[in-house]
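The sequence shown begins at 75 in this note's numbering and counts up one residue at a time.
Even glycine gets a Cβ: it sits at the ideal position worked out from N, Cα and C.
To start, the structure itself, in structure tokens.
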Amino acid sequence: MYAAYPSLLLILFLGDCANCLKVNLPIMSKETLSQTGQSFRKFALGTSSQIDKRSKSYMDLAKGLGTTAALVASLSFPANAVSGGGLDFANLDITGQDFSGNSYKGKDFTQVIAKGTSFKKSNLQGCRFYKAFLVNADFSGADLRGASLEDTSMDGAVLKDANAAGAYFSKSLLDAASLENADFTDAQIPDKTLLLVCERDDVTGNTRDSLMCP
């Protein structure tokens, strides 16, 4: 209780032990010291009580803010939630939502659940989709340059007309429904996966050239 008042603690100690001291105190008599200690004790108790009340108020406020922050973090934000802001979408469920035609450049979609979500013609440059669930997601005409789509689930995903130059993929790229007319210039694709991608019927013309298929 008195940790914040080391000087008062010393005086209170001396006041309480005034009767047991065997030395003559040059400044105060034992009675005066004892009375002084009692006065300071009352002061300290009153001050401590005020601090305790303020601390309790601050703690209640902090708990309230913590609860609000947790609630906000648990929400699944719609596409327009990031307009003009810096919100990311890591670990959120955005299933079936419309993210088309907007800019999400550099956003974090790590482990997002985006089943059937539309990203058509959106700017997704440098976005991180690591281990994202992108089953039936639509990336038609999207700008995926430099994006990370490694270890994702891409069953039925559509990358038709997408610009995926310099993007990062894993073997799940093989599960995409359409790669038609997509640009994979300088994209990072595992060698074994690349060979199988080049065998797809929809990998022709410019798409095949961008993959440098043999």
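Item	Value
By DSSP's criteria, isoleucine 187 is part of a beta bridge. Which residues make up the other side?	Asp167, Phe207
Nearest CA to the CA of serine 177: which residue from Tyr204, Asp217, Ala164?	Asp217
Between serine 284 and asparagine 237, what straight-line distance do the alpha-carbon atoms span, to the nearest angstrom?	10 Å
With distances taken Cα to Cα, identify the nearest neighbour of asparagine 165 among Phe193, Gly180, Gly175, Gln185.	Gln185
How far does the alpha helix (DSSP H) with asparagine 197 in it extend, from its first residue to its last?	No alpha helix (DSSP H) contains asparagine 197, which DSSP labels as neither H nor E.
Report buried or exposed for leucine 208, applying the criterion of at least 16 other Cβ atoms within 10 angstroms of its Cβ.	buried
Report yes if the CB atom of isoleucine 187 is closer than 9 Å to the CB atom of aspartate 212, and no otherwise.	no
Comparing alpha-carbon positions, which option in Leu233, Gly240, Ala256 lies nearest glycine 220?	Gly240
What's the gap between the Cα of aspartate 249 and the Cα of methionine 228?	6 Å
Work out the CA separation of lysine 266 and glutamate 273 for me, nearest whole Å.	11 Å
When you compare only the Cα positions, how much space is there between glutamine 171 and cysteine 287?	35 Å
Of the residues Leu270, Gly215, Val277, Ala261, which one's Cα is nearest the Cα of asparagine 197?	Gly215
Count the other CB atoms within 10 Å of the CB of aspartate 257; is the residue buried (16 or more) or exposed (fewer)?	buried
Give the secondary structure of valine 232 by DSSP, where H, G and I count as helix, E and B as strand, and everything else as coil.	strand
Checking the sheet assignment: what are the DSSP bridge partners for phenylalanine 243?	Leu223
Evaluate leucine 269 with the Cβ neighbour count: other Cβ atoms within 10 Å of its Cβ, from every protein chain shown; 16 or more gives buried, anything less gives exposed.	exposed
Among Ser252, Phe243, Gly180, which has the Cα closest to the Cα of threonine 259?	Phe243
By a C-beta neighbour count over all protein chains shown, 10 Å radius and 16 as the cutoff for buried, is glutamine 199 buried or exposed?	buried
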